[in-house]
Amino acid sequence: MRRTIGRAALARPLQLAALPIAAIALTGASGPTGGDPHQRAFVLSNIYFAAAPEDGVCQPIAAGALESFLASLSADEQAALSAPGKRAELEKLMGERLGFRRMALRAGNSGGRSASARLPADLAPGATPTPEQVRAIARLNDFPKGRGALAFQNHVIAYDSCTNPEDFPQLAKGYRTYDGATAFGMNLDDKAGRAGFTGPDGESGVDNQLWRAIGCVAAFRESGNPATAKGTMFSARAPTLIAISGIDDPRNDSDVTVTVMASADAITKNAVGGALARATFDADPDPALRATTRGRIVDGVLTTDPFDIRLNYKEQILDAPRILKGARIRATLQDDGGIEGGFYGYYTLASFYSSIEQMTVNGANLSRVSCPGVRQAIDKLADGYRDPRTGRFTAISSALGFFGVAAFVNDGAQAAR
Amino acid sequence: MKGTFTMKTGRGIAILLAAAATVPLVLAGADRPSIAAVPASHADEASTVRRITEPQYRRAITDIFGADIKVVGRFEPDLRVDGLLAVGTSAVSITSGGLEQYETIARNIAEQVVAPDHRASLIGCTPAAADPAGSACAGQVFDRLGLRMLRRPLAPAERAALVATTLESARALGDFHAGLAAALTGLLTSPDFLFRIDRPGAPEQGRRMVDGWSKASRLSFFLWNAPPDEMLLAAAAKGELDRPEARARLVATMIASPRFADGVRAFFSDFLHLDDIDLLAKDARIYPAFSSAVAADAREQTLRTITDLLVDRQGDYRDLFTTRRIAMNRTLGPLYDVPVAERGWTFHQFPDGDPRAGLFTQISFLAQHSHPGRTSPTLRGKAIQEILLCETIPAPPANVNFAVVQDVDNPTLKTTRARLQAHLDDEECASCHKLTDPMGLALEKFDGAGQFRTTEHGEAIDTTGSFADTHFDGAAALGRLFQRNPQPIDCLVQSTWRYAMGRRLAAFDKPVVARLNADFAGTGYRMVDLIRAIALSPQFYEYEPASPPARMAGWPALATKGAM
Amino acid sequence: MAQDFSRRGFMLKGILGGASVTLGLPILDAMLNENGTAFAATLGGAPLPVRFGTWFWGCGMIPARFEPKSDGANYDLPPQLAPIEPVRQHVSVLTGFDVMLDGKGNLPHISGNTAARTGAPADTWQAIEGPTFDMLIADQIGGGSYFRSLELSADGNPRTSHSFRNGSSMNATIPSAAELYQRIFGPDFRDPNAASFTPDPKFIVRRSVLSGVSEQRAALLARVGSADRARLDQYFTSVREMEGKLALQLQKPPPAEACVRPDAPAPLRASADLTDFETRKANHKLMAELLAMALACNQTRAFNMNFSTAASDLRTAGDTTGYHQTTHEELIDRSVGYQRVVDSFAVRNMEAWAEFVAAMAAIREGDGSLLDNMLIVAHSDVSYAKNHDVAGIPVMLAGRAGGKVKPGLHVRGAGEPITRVGLTAQQLMGVPVDSWGTDAMRTNRPINEIIA
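Residue numbers (full-length UniProt numbering), protein chains in the order written: chain A, 1 to 417; chain B, 1 to 564; chain C, 1 to 452.
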């Protein structure tokens, strides 16, 4: 697969060749108070879709799937079911009419009333089914051929407008995209094309087609508000780490090495509910969850070259890693050891869709999302990494904001090399 | 006045003190203590009765019945006298509320011991055709358990009483094992289990000595903080503990045992007042990184650092004031601002020149002797004086105005040193503060939670001072001065002796303590050798020493926490 | 050591023969005040029993609208707490006590309440590791009353319960006022004031064992010096006092003064919609009043009341979206900074809670009220429902537990584990436990601020 973005394609071979091996090896049983002064590391307490600081452009906001379904009913049915008190009945009808399925794979509450699924004999009780077993379960329980997905932390198997949005285009009616002029992000392609936004600080040519696609969805607008996001901890049980090494001057340094890693160590909260600073995290040894690039610090602001990264995203019932291609970090290094900024790059469609599938229509209805609407908009607005075989874009420009506190990284994988 | 007493927080705890009837009692945190005082004429007797502590109780149950038997419940708090809980054990009794707790804990243990899943291994017999009521079985059980629990053989009448209680209770409850549990509860609630009561034995070289069973207990509780095991009880039964050379062999065996580290930990936990550190609370808004887990691990850190230095590496006690090798884990790493490679406990080595070095820079010391939201050079200095130098600092007068010191947002007096200095313009205050504050101010680069800092309210912190007429700058430098000074050594030796004996120093202790001091120097200040020397001293086994103990001039009174 | 078994032998025989034995210890007179409260607190039994219960509601609150700003007594009442103003002096608010997920997932509306109840978050109720703490307390105090505990739900569903012996054994609830009435005050009603009394042989044996300990006194005191003698004498006095307290357990308890068999409640209309907030509150209030009388009549000493399910099933008839959906769907009104509809639901939960507390306080008992001899722990499944946040799950306590609890305080947990609440309740109710919870949730620290 060839990239469509020139700069990103150029940068990569250089990084791999020049990286110092022991860049972030903070292992060892000795060290000064404050750690190695040539390194800084952070654990991110929240990574979120940075919402545009612009109001009044999404009136009304994008309809959820349930609203679209209601609108599709006959006048009589609409009259009978439009009262909010009829909501449960409406959801039930939507499931029946559209053939949604949801079946529990193990005993216990699985986030809603679900019949127990018939299970294949080779599935141990409580075990997570393999993809082959998922297909077998779908067959055994008469799901439409080739349909259905695990959800709710693998406790259920479901088939609905989120596991398979392509089957329910009618629920995209009433969806709308963001038509404002401002969005967070960076100019990723060095072009100021038609699709570009203006950044909040006036930067032109900002590429953030993902916000174009989902910026009028209530749930994303709210969690993306930076003020809300700062006080929220997300994916704290599988956080992302950023390590900067080779620092000679913490305010201005033209050449530093930046590594993004995952950790399976949960963030500990401090006594006032924030992320505990200066804790040690083991880096996940999985090479897929690790990426390194070069960067520079100018007046305390770090900017990196583009690189491909995979960010864990495990929150409540979701486990949907975010895969970003040609991504850059731009972030402010704070005096208290914290960091605030964003990942700006091309979010792969497959990884985004996975997060939508896992929420299932139950989650989508609770958060007023239309999975088919989101899916159609993203399919249409995707702008990165064209697949030469199909001619379709496989990723979409995006801006993920983040907040982080000082941390130490114990990089066993590095030490072992 | 014989002394004042501080009590650990607790409610409604009666304390009974071997002190003059007119003694003023300082009962911090007690709501309605009931206090019984003893006539003055008895105040100078050496106690022969020590209440076993909570860790000792727990250890006894684990040793006798196995780790499967859980001890659940709250114990009557221990009492710190003369700076040591060990000394308090010969001053406390058991209150009404405390007895209810002990009885509840005992019933719970007894029920577990006789429960069907433990019966076979712990009871080992049942009523049989020849013994339908089970009296033979009960007799066997108490022959075996009585020795372990009372740390001496049962008298025939005691055995008969336990069997009778078992049978009567079994009849009332319609269940032999329930009857056994009832008698076991009685044994666990009895004074001979809850207290160590010395019994006189044969004299040795003109000294009145305790008997062999009591000698076994003294050794075992001192060296292991545990009741005597089968080996010691067997030695006592054979009279070996009455022969110095056999005692020496036993002491060597006990010091070589892994349990010896438990004994050293118990001493330092008591000596350094680490017992209630997990109740330490900090202002969350000011020290968000501090938590109760941090407090508990800070104690563990200090104890692991000490046993590593003094037991595992047989090190020099004085190095405790300078060591850069410190036990560390990931709970503590954030406060020390260092990475921690291991998931469990590990040792961290701070480099030369680092601000962290020695006991004074450990969180267990820094955070405990601070206020919830700020440092206290006075509390820290007072702790150094009283705990590590065995000095006495008087309590502040009741009418002090602390307004200047407590105003941490004072616009002109930005550092604690500046605020304290303003307070010291009052001469009455200055007389005591000049004893405490200079050493406390040396630690000012560590905040109230023990985290390193270089400034306070934007102003650089000054940590200079002088100790023993020598100028220093900072905590590490103060530690180096302590390492070279004789006073911390004297204090350790006499504290270890008081801990071993469970009583205050008496005039007649002077020769033995002097000898211990000299021997300690001769062995390179190795803690192991000090403990061995005490265990080998004939005075350690003396029963009601001949001359009445009286407080020696210049030796410490009790620690009292002042307000600042 | 000389032993004399005759006294204990006589005592056992005497009591087993049905006669009450008077020990004649002065302590009995000294420690029994007119209302019998002196012993009620320490032994959790006669004469005035101390009762324990829980009160559960779903969907938490909005922290900025619920958590008081001031600490300790006379705390302020933010808008969502305003309904408890009439009972504030009885109610302590505990904020900032967290569920530590310890790397586990946050299963919406399950992790929080399993953790608060069992000391460890679980993925399902079936997967809980131990009994809920209300069961541990009921086991401790429930003996001697007709019902070990009463489980109630105001939503009409017997499966709405947060009380479990283990994952496979849920305590089903009594779901309506009418059924509660039948269960307690129906034809099988056991009038405490008419009941005959049989002493429990366990108390007889415990006292007998202690008297065996007492018999060692003379021999032991003779062996020690006078200062030690005074200390051991104190110990033996404590043994005697406990013997005296156990003797009390062998006597018939005093009459339940406030116990009056109430009239049967009118059954609910067949069409009554219990998901409607007002209907629910009316049903709940009826049940609360019946429960209060059941407690006053010594029918039980432990109970669990469920006002709503986790992920609250409540709504307002014909008017708005259900409470739970609203917590997720409603946008934060930027003009006020919170979800307006969710806020109004949260206020109504607290109206029901205030009514529950008031129902307990309305019954006179001794020189105070029934509530004074109770400890109620109220909690929810989440804090901020919108995020399923399990940090700072709201907890409230009501009652004085027979004088052991200081009510009317706001205490901040500052991120400490919520297991401190369960531990505190267990210790106050006499469960011999020094720590509770699993892994990061384990604690040995009761909430001392509220202990009298």
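Backbone N, C-alpha and C define an ideal beta-carbon position, used for all residues, glycine too.
Owing to the predicted nature of the structure, the values given are computational and were not obtained by experimental measurement.
Provide the residue span of the beta strand (DSSP E) that contains H162 of chain C, from first to last. Within the third sequence, residue 162 of chain C is the residue found at index 162, counting from 1. Taken as a continuous stretch (DSSP letters only), H162 of chain C belongs to no beta strand (DSSP E), as it is neither H nor E.
Is V357 of chain C closer than 7 Å to V87 of chain C when the C-beta atoms are compared? Residue mapping note: residue 87 of chain C aligns to position 87 of the third sequence, counting from 1. Residue mapping note: residue 357 of chain C aligns to position 357 of the third sequence, counting from 1. Their beta carbons are under 7 Å apart, which means V87 of chain C touches V357 of chain C by this criterion.
From what residue to what residue does the beta strand (DSSP E) around D308 of chain A run? As a working note, residue 308 of chain A is residue 308 in the first sequence. That run of the beta strand (DSSP E) goes 307–311.
Exposed or buried, H471 of chain B, counting other C-beta atoms within 10 Å across all chains shown (16 or more means buried)? The residue you call residue 471 of chain B lines up with position 471 of the second sequence. H471 of chain B is exposed by the Cβ-count criterion.
Measure from the alpha carbon of S217 of chain B to the alpha carbon of each residue in B:A234, B:D473, B:R504, B:A460, then state which is nearest. Start at 1 with the first residue of the second sequence, and residue 217 of chain B comes out as number 217. Here the closest residue by C-alpha is B:A234.
Count the other C-beta atoms from every protein chain shown that fall within 10 angstroms of the C-beta of T253 of chain B, then say buried if there are 16 or more, exposed otherwise. Start at 1 with the first residue of the second sequence, and residue 253 of chain B comes out as number 253. With fewer than 16 Cβ atoms within 10 Å of its Cβ, T253 of chain B is classed as exposed.
With A218 of chain A as the anchor, note down where its alpha helix (DSSP H) starts and where it stops. As a working note, residue 218 of chain A is residue 218 in the first sequence. From DSSP, the alpha helix (DSSP H) with A218 of chain A extends over 218–223.
Helix, strand or coil: how does DSSP classify E67 of chain A here? In the first sequence, counting from the first residue as 1, residue 67 of chain A sits at position 67. E67 of chain A falls in the helix class under three-state DSSP.
Going by DSSP, name the residue or residues bridged to L150 of chain A. Sequence index remark: in the first sequence, residue 150 of chain A carries index 150 (1-based). L150 of chain A is bridged to A:I157.
Got a sec? Which residues, its chain only, sit under 8 Å from T128 of chain A by beta carbon, not counting five neighbours each side? Taking the first sequence and counting its residues from 1, the one referred to as residue 128 of chain A is at position 128. Same-chain partners within the cutoff: L150, N154.
I242 of chain A - DSSP class collapsed to helix/strand/coil: Counting from 1 along the first sequence, the entry for residue 242 of chain A is found at position 242. In this structure, I242 of chain A counts as strand in the three-state DSSP scheme.
How would you call L81 of chain C, buried or exposed, if buried means at least 16 neighbouring beta carbons within 10 angstroms? The count along the third sequence starts at 1 and reaches residue 81 of chain C at position 81. By the neighbour-count rule (16 or more Cβ atoms within 10 Å), L81 of chain C is buried.
What do you get for H379 of chain C, buried or exposed, if any count of 16 or more other CB atoms within 10 angstroms of its CB means buried? Stepping through the third sequence from its first residue, residue 379 of chain C is reached at position 379. Under this definition H379 of chain C is a buried residue.
Residue of B:C125, B:G139, B:I286 minimising C-alpha distance to V163 of chain B: To locate residue 163 of chain B, count along the second sequence from 1; it is residue 163. Comparing Cα-Cα distances from V163 of chain B to each of B:C125, B:G139, B:I286, the minimum goes to B:G139.
Taking R330 of chain A as part of the beta strand (DSSP E), name the residues at either end of that continuous run. Reading the first sequence from its first residue, position 330 is the one you call residue 330 of chain A. Where R330 of chain A is concerned, the enclosing beta strand (DSSP E) stretches over 322–333.
Where the alpha helix (DSSP H) through A395 of chain A begins and ends: Here residue 395 of chain A corresponds to residue number 395 of the first sequence, with the count starting at 1. Per DSSP, A395 of chain A belongs to no alpha helix (DSSP H); it is in the beta strand (DSSP E), 393–410.
Within the 7 Å Cβ cut-off, does K230 of chain A reach chain C? Position 230 of the first sequence, counting from 1, holds the residue named residue 230 of chain A. No - not a single Cβ of chain C is within 7 Å of the one on K230 of chain A.
Can you give the Cα-Cα distance for A25 of chain A and M261 of chain A, rounded to whole angstroms? Residue numbering aside, residue 25 of chain A sits at position 25 when the first sequence is read from its first letter. Residue numbering aside, residue 261 of chain A sits at position 261 when the first sequence is read from its first letter. Because the pLDDT of A25 of chain A is 42, which lies under 50, any placement of that residue in the model is unreliable, and the number read from its coordinates should be weighed accordingly. Their backbone Cα atoms lie some 13 Å apart in a straight line.
Enclosing beta strand (DSSP E) for Q349 of chain B [first to last residue]: Here residue 349 of chain B corresponds to residue number 349 of the second sequence, with the count starting at 1. Segment 346–349, the beta strand (DSSP E) holding Q349 of chain B.
Is the CB of K269 of chain A under 7 Å away from at least one CB in chain C? Along the first sequence, read from residue 1 onward, the residue named residue 269 of chain A stands at position 269. Chain C contact via Cβ: present.
Are the Cβ atoms of A116 of chain C and I418 of chain C separated by less than 7 Å? Working through the third sequence from its first residue, we reach residue 116 of chain C at position 116. Working through the third sequence from its first residue, we reach residue 418 of chain C at position 418. Yes, the Cβ-Cβ distance between A116 of chain C and I418 of chain C is below 7 Å.
Between the Cα of L119 of chain A and the Cα atoms of A:G126, A:P131, A:I137, A:D201, which residue gives the shortest distance? For this step, residue 119 of chain A is matched to residue 119 along the first sequence. The candidate whose alpha carbon is nearest that of L119 of chain A is A:I137.
Opposing strand residues paired with K171 of chain B [DSSP bridges]: Residue numbering aside, residue 171 of chain B sits at position 171 when the second sequence is read from its first letter. The residue asked about is misnamed: residue 171 of chain B is Arg in this sequence, not Lys. Paired residue(s): none; R171 of chain B is not in a bridge.
Contact between the segment 242–256 of chain C and the segment 157–175 of chain C: three or more CB pairs below 8 Å? no
Relative to the C-alpha of G95 of chain A, which residue among A:D179, A:A65, A:A104 is closest? The count along the first sequence starts at 1 and reaches residue 95 of chain A at position 95. When each option's Cα is compared against that of G95 of chain A, the closest is A:A65.
From B:A281, B:M501, B:Q494, B:Q101, pick the residue whose C-alpha is nearest to that of D519 of chain B; which is it? On the second sequence, position 519 is the one that residue 519 of chain B refers to. For the residues B:A281, B:M501, B:Q494, B:Q101, the minimum Cα distance to D519 of chain B belongs to B:Q494.
For M293 of chain C, which residues does DSSP report across the bridge? The residue labelled residue 293 of chain C in the question sits at position 293 within the third sequence. Paired residues: none, contrary to the question.
Cα-Cα separation, L194 of chain B to I52 of chain B: Along the second sequence, one-based indexing puts residue 194 of chain B at 194. Along the second sequence, one-based indexing puts residue 52 of chain B at 52. Approximately 6 Å, taken between the alpha carbons.
Count the other C-beta atoms from every protein chain shown that fall within 10 angstroms of the C-beta of A115 of chain A, then say buried if there are 16 or more, exposed otherwise. Translated into positions along the first sequence, residue 115 of chain A becomes position 115. With fewer than 16 Cβ atoms within 10 Å of its Cβ, A115 of chain A is classed as exposed.
If contacts are defined as beta-carbon pairs under 8 Å, then P407 of chain C and S92 of chain C qualify, I think. What distance do you get, rounded to the angstrom? Within the third sequence, residue 407 of chain C is the residue found at index 407, counting from 1. Within the third sequence, residue 92 of chain C is the residue found at index 92, counting from 1. About 6 Å; that satisfies the 8 Å criterion.
Any idea if L331 of chain C is buried or exposed, counting beta-carbon neighbours within 10 angstroms, 16 or more meaning buried? Here residue 331 of chain C refers to the residue found at position 331 when the third sequence is read from its first residue. Counting Cβ neighbours within 10 Å, L331 of chain C comes out exposed, since fewer than 16 surround it.
Starting from the N-terminal side, write out each stretch of the beta strand (DSSP E) that is 3 residues or longer and does not extend beyond the segment 178–204 of chain B. 195–197
Run the CB neighbour count on S196 of chain C, radius 10 Å, all protein chains shown included, and call it buried at 16 or more, exposed below. The sequence position of residue 196 of chain C within the third sequence is 196, counting from 1. By the neighbour-count rule (16 or more Cβ atoms within 10 Å), S196 of chain C is not buried but exposed.
With 16 other CB atoms within 10 Å as the buried threshold, where does E459 of chain B fall? Position 459 of the second sequence holds residue 459 of chain B. So E459 of chain B ends up on the exposed side.
Listed from N- to C-terminal order along the chain, which residues in the segment 79–101 of chain C have their beta-carbon within a distance smaller than 9 Å of any beta-carbon of chain A? G96, D98, M100, L101
Going by the CB atoms, is the gap between G403 of chain C and I376 of chain C shorter than 7 Å? For this step, residue 376 of chain C is matched to residue 376 along the third sequence. For this step, residue 403 of chain C is matched to residue 403 along the third sequence. Contact: no.
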